[in-house]
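Working notes, structure below.
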Amino acid sequence: MTGKQKFSFFLLAIANITLLGIAAILMVSHLAYALLLLLVAVFTTGGGFILRGRIMRRNRMSS
Numbered sequence: 094m095t096g097k098q099k100f101s102f103f104l105l106a107i108a109n110i111t112l113l114g115i116a117a118i119l120m121v122s123h124l125a126y127a128l129l130l131l132l133v134a135v136f137t138t139g140g141g142f143i144l145r146g147r148i149m150r151r152n153r154m155s156s
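Have a look at this one:
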């Protein structure tokens with residue numbers, strides 16, 4: 094992994110922890126909103142991993 098990839102992965106992790114924290118706070122009062130936030134967090138990380146896989150594959154092909 095290059096420095097830029099590590100940095101983007103780090104940012105993604107921070108964003109996830111923040112989302113999960115918000116979800117945990119909301120869970121106390123609004124369960125539906127919390128579940129929605131958790132779903133968003135799961136989908137964004139899933140999308141990020143798929144996107145990263147595609148970029149890596151493209152880089153491997155070109156080199």
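Just so we're aligned, residue 94 is where the sequence shown starts under the working numbering, counting upward by one.
Glycine included, C-beta positions come from ideal geometry on N, C-alpha and C.
Keep in mind it's a predicted model, so treat the numbers as computed, not measured.
- Annotated as proximal: L112 and L130, with beta-carbon spacing under 8 angstroms.
- Within the stretch 103-155, the complete alpha helix (DSSP H) segments at least 4 residues long are 124-155, listed from N- to C-terminus.
- Your pair L119 and Y126 checks out as a contact, with CB atoms roughly 5 angstroms apart and the cut at 8 angstroms.
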